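Notes follow once the structure below has been shown.
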Amino acid sequence: MSAPLDAPLETHAVNVIRGLSMDGPHAARSGHQGTAMALAPLAHVLWTRVLTYDAGDPGWPDRDRFILSAGHASILLYSMLHLTGHGLTLEDLRRFRQWESATPGHPEVGHTAGVEVTTGPLGQGLANAVGMAVAERNLRSRFGSEVCNHHTFVVCGDGDLAEGISHEAASLAGHLGLGRLVAVYDDNHITIDGPTELALSDDAPARFGAYGWHVVELGEAAEDLDAIEAALRSGTAEDDRPTLIVLRSHIATPSPDVDTSAAHGYSLTDDGIAETKRRMGLPEHESFHIPDEVLATYREAGARGSAAREAWQQRLDGWDGDRSAWEACWAASGLDGWTDALPTWEPGQSVATRKAGNACLTALLDEVPGLIGGGADLTGNTGTTIEGHGVQSAVCPEGRQLFFGVREHAMGAICNGMALHGGLIPVGGTFLVFSDYMRGAVRLAALSGAKTLFVWTHDSVGVGEDGPTHQPVEHAAALRAIPGLRVFRPADANETAAAWRVAIEGDGPTAFLLTRQDVPVLAGTDDHAAVARGAYVLVDADGPPDIVLIGTGSEVAVALDAAATLSAGGTSVRVVSMPSMDLFGGQDGAYRSSVLPPGVPVVSVEAGVTFGWGAWADSSVGIDRFGASAPGAEVMERLGITPTAVIEAARALLDGGLDTKEGAA
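Going letter by letter, the sequence shown gives residues 38 to 702 in the working numbering.
Structure below.
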């Protein structure tokens, strides 16, 4: 801890933050001023007194993590990153919310140095912080405090705590006893619609206390720097439970719009900004005013952590732990030769791809030491069981099996937090139909490039008797629509293993859509390089094909059966397996044409909606309705996922029933 600053200088510094918090949105004519202004004292205390960080090396592994879950107040974070020397320039602040600026409307990880996660959709950042706290504790327990020993801080607001995901995440954090997690609740009593009392009467301190959190109610202390510091330090001293600090702030302090719903957004323009600056002793008509002494104070704070970083590096250099495992964890990869551990299956076996997925996970646990995770009360059902490596808890913090409970949305966001913390590759499993419950987190995984592995099983109406509430039909198409999400629906066990290889070798999130029911292991699906291209020729005709049949998942076998009948009748048929539509779409035109020759009619078959297949097929056999409650095989047959339906579609094309595509999309 550094020597205390001169009180008038600290007051002036806080007011400079408030000035920037008004000026950035005003320059953009868009943004959120009020929350940033209210939390300027908190930000000052965090960046000058509490956080361990090095602005010159924002990504060093043992830094404290700071998450602004209330991401609409991004100008506050950008102001601190500029002032402390993270690389953001004053021009970046002037270009707030502009095209290709380093200061987008909500913080984006990987876009701006010092931003840990992408926030904005409320509640996500709080759940991300839980994941980061899990990651820190797990890595510290496994590798030692000399190389991993830091805290996670998150700022959230009424909106974060109103969203259901926050309840899920906070409940699990309390259950796990996640010390070193400090959340500051900005209790400003203001929402866009008006006072929070319009829709919210929760007792948040009581709720978090019931979850098992350490709760500090600061009351009217939003301007009291010493009280804020004391509360934060009481949180960092907690090793066995997370901390919630309740800070009663006043939005847009000290402007004429204080405590108004208008101040939640962009309300202060020329006259209001000038009046507020006059009240704070800042030049009334000067934008982005930063006195030299204030900038020097923050730059000194930003550089102070370099000594801690250098000391950490020295400890790491002399560390005698398992360096290969440590490096594999931080590379989000495996030990040398890890791919040799992937299982294989012989054609003719019958294996559900969810079981194959668990076989892959089990085989890789010792070879890919960053793997951690489990299911949302469906761990065994989804093949996300991790045996022999402990169950994550306060008494087993090194455990790699994490039971998320019935908390799908939080599971996704917690996994994202673990991935973005670094050092872990999280796995989260539930039924495919419940991907709806976690879509917000899935979208943010893709937007963030988080290396999160989503395991979604019971992937079709083949689920059977549970009926349409549990039978996904539109879900594969909906997930494929998310940019940056790698979606696999493997045909069999060997394609599942290949998908795992692609997921570990690649960056960003991967979705595995896996069967409940056993499916045959097919000949030719064990070519990992072919699977990695998204689609490939599984069975070819002796000569140029008359027609191409594309299948995914369990329907590849249906396509093969249809091809056998067509071939026996003299039709030259090619069968293509397309486990990943997005990966195939990313191949060059020459490869796509080699798989789907221009001018050759194409029929697709998938036990789901036909939406999206128009890019690749001239005719699609699918299910453009909800399912039904009956044995899975019967539902498949009655809804037309049969070789007969594929044969009829193929013959209709060959008889000129539809115009064919002139080439692959």
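We put the CB at the ideal spot given by N, CA and C, even for glycine. Values in this document were obtained by computation on a predicted structure and should not be read as measured data.
Segment contact: the region 127-141 against the region 419-431, fewer than three CB-CB distances shorter than 8 Å; contact not assigned. With contacts defined by Cβ atoms closer than 8 Å, Asn175 and Glu532 do not form a contacting pair. Judged by DSSP in its simplified three-state form, Pro680 adopts helix. Going by C-alpha positions, Gly231 is about 35 Å away from Val331. Nearest to Ile265 by C-alpha distance, out of Arg86, Leu522 and Leu305, is Arg86.
Restricting attention to Asp655, Trp650 and Leu620, the CA atom closest to the CA of Pro635 is found in Asp655. Relative to His143, the option among Leu691, Gly588, Leu481 and Ser343 whose CA is nearest is Leu481. Per DSSP, reduced to three states, the secondary structure at Arg352 is helical. Of the candidates Pro582, Glu445, Asp277 and Trp650, the residue whose Cα lies closest to the Cα of Ala478 is Glu445.
Here Val683 is buried, its C-beta having at least 16 other C-beta atoms within 10 Å.
A Cβ-Cβ contact shorter than 8 Å links Ala110 with Ala73. Looking at the DSSP output, Arg523 sits in a beta bridge with Thr547. Leu127 and Tyr90 have their alpha carbons spaced roughly 21 Å apart. Rounded to whole angstroms, the Cβ separation of Gly71 and Ile288 is 4 Å, and the two are in contact under 8 Å. Rounded to the nearest whole angstrom, the CA to CA distance from Ser631 to Gly543 is 24 Å. The DSSP-derived three-state label of Pro45 is helix. In this structure, Phe180 is the residue among Arg526, Pro279 and Phe180 with its C-alpha nearest to the C-alpha of Ala365. Taking each of Leu559, Met455, Arg553 and Pro328 in turn and checking the Cα distance to Gln386, the smallest one comes out for Leu559. In the three-state reduction of the DSSP assignment, Glu254 falls in the strand class.
With three or more CB-CB distances shorter than 8 Å, the region 543-553 counts as touching the region 487-502.
The straight-line gap separating the alpha-carbon atoms of Asn52 and Ile310 is approximately 12 Å.
Beta-carbon to beta-carbon, Phe190 and Leu88 are separated by about 7 Å, close enough to satisfy the 8 Å threshold. The count of Cβ pairs closer than 8 Å, one atom from the region 393-410 and one from the region 354-370, reaches three, so the stretches are in contact.
If you draw a 10 Å sphere on the C-beta of Leu46, you find fewer than 16 other C-beta atoms in it, and that means exposed. Of the residues assessed, Gln438 falls on the buried side of the cut-off, its CB having 16 or more other CB atoms within 10 angstroms. In this structure, His212 is the residue among Arg336, Asp239, Asp503 and His212 with its C-alpha nearest to the C-alpha of Val428.
In the DSSP secondary-structure assignment, Gly588 is bridged to Ser614 and Val642. The region 609-625 and the region 580-588 touch, with three or more beta-carbon pairs separated by less than 8 Å.
At a cut-off of 3 residues, the continuous stretches assigned as beta strand (DSSP E) that sit fully inside the region 235-319 are 251-256 and 280-284. Distances from the alpha-carbon of Gly499 to those of Ala243, Trp375, Pro668 and Asn225 put Pro668 closest. The continuous alpha helix (DSSP H) containing Phe180 extends over residues Gln161 to Phe180. His322 counts as exposed, since fewer than 16 other beta carbons sit within 10 angstroms of its beta carbon.
Counting other Cβ atoms within 10 Å of its Cβ, Pro520 stays below 16 and is therefore classed as exposed.
Within the region 453-539, complete beta strand (DSSP E) segments of at least 3 residues are found at 462-468, 490-494 and 523-525, given in chain order.
In the three-state scheme derived from DSSP, where H, G and I count as helix and E and B as strand, Phe103 is classed as strand. Inter-segment contact for the region 50-68 and the region 111-120 is present: three or more beta-carbon pairs are separated by less than 8 Å.
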